[in-house]
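Structure first, then comments.
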Amino acid sequence: VGTTDGSSWYRNFEKLPWEDPAEHLRRSPIMYVGNVKTPTMLMTGVQDLRTPISQTEEFYQALKIRKVPTAMIRFNEEWHGTSSKPSNFLRTQLYLKSWFDRWSTKAQTAVKAG
Numbered sequence: 040v041g042t043t044d045g046s047s048w049y050r051n052f053e054k055l056p057w058e059d060p061a062e063h064l065r066r067s068p069i070m071y072v073g074n075v076k077t078p079t080m081l082m083t084g085v086q087d088l089r090t091p092i093s094q095t096e097e098f099y100q101a102l103k104i105r106k107v108p109t110a111m112i113r114f115n116e117e118w119h120g121t122s123s124k125p126s127n128f129l130r131t132q133l134y135l136k137s138w139f140d141r142w143s144t145k146a147q148t149a150v151k152a153g
């Protein structure tokens with residue numbers, strides 16, 4: 040079900056997660072990791088309280104088990120975003136560019152071969 044610093048989010052549900060976790064689980068990304076086929080890069084702030092790093096690590100490990108190409112980038116001194124410092128904003132852009140360059144080339148090659 041996960042943890043969050045946004046406890047007011049629970050008001051969107053009829054029941055709290057410990058009363059009936061079904062609806063919370065239905066909205067949890069980890070419940071759908073079995074559907075993921077696309078190469079996935081996860082970026083997380085080490086200090087993130089909204090999506091704690093443990094949840095990112097759990098999703099990352101699930102992708103690895105499923106053999107989905109994946110990378111996990113941890114940003115020290117970052118919270119829920121990755122751009123509170125200009126250097127981290129730049130790092131984010133460079134990681135994204137590298138990731139898309141890598142995987143869009145493979146996708147184009149696969150289309151041409153098919």
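Take 40 as the starting number for the sequence shown in our numbering and just add one per residue. Built from N, CA and C at the ideal position, the CB exists for glycine as well. Owing to the predicted nature of the structure, the values given are computational and were not obtained by experimental measurement.
Check residue i in the structure and name its three-state DSSP category.
i: Arg130; result: helix
i: Thr121; result: coil
i: Pro68; result: helix
i: Arg141; result: helix
i: Val40; result: Per-residue confidence for Val40 stands at a pLDDT of 48, beneath the threshold of 50, marking its modelled position as unreliable; the derived number appears in the next sentence. The answer is coil: DSSP assigns Val40 none of H, G, I, E or B.
i: Leu55; result: coil
i: Lys76; result: coil
i: Leu88; result: coil
Just to confirm the assignment, what range does the alpha helix (DSSP H) spanning residue i have?
i: Thr95; result: 92-104
i: Arg50; result: Unbroken run through Arg50: none, as it is neither H nor E.
So, residue i versus residue j, is the Cβ gap smaller than 9 Å?
i: Thr131; j: Thr121; result: yes
i: Ile112; j: Thr83; result: yes
i: Trp138; j: Pro68; result: no
Residue range of the beta strand (DSSP E) that residue i falls in?
i: Leu81; result: 79-84
i: Arg113; result: 109-114
Measure the alpha-carbon distance for residue i versus residue j and round it to whole angstroms.
i: Ala110; j: His63; result: 26 Å
i: Met80; j: Asn51; result: 29 Å
i: Trp57; j: Pro125; result: 40 Å
i: Ser123; j: Glu117; result: 7 Å
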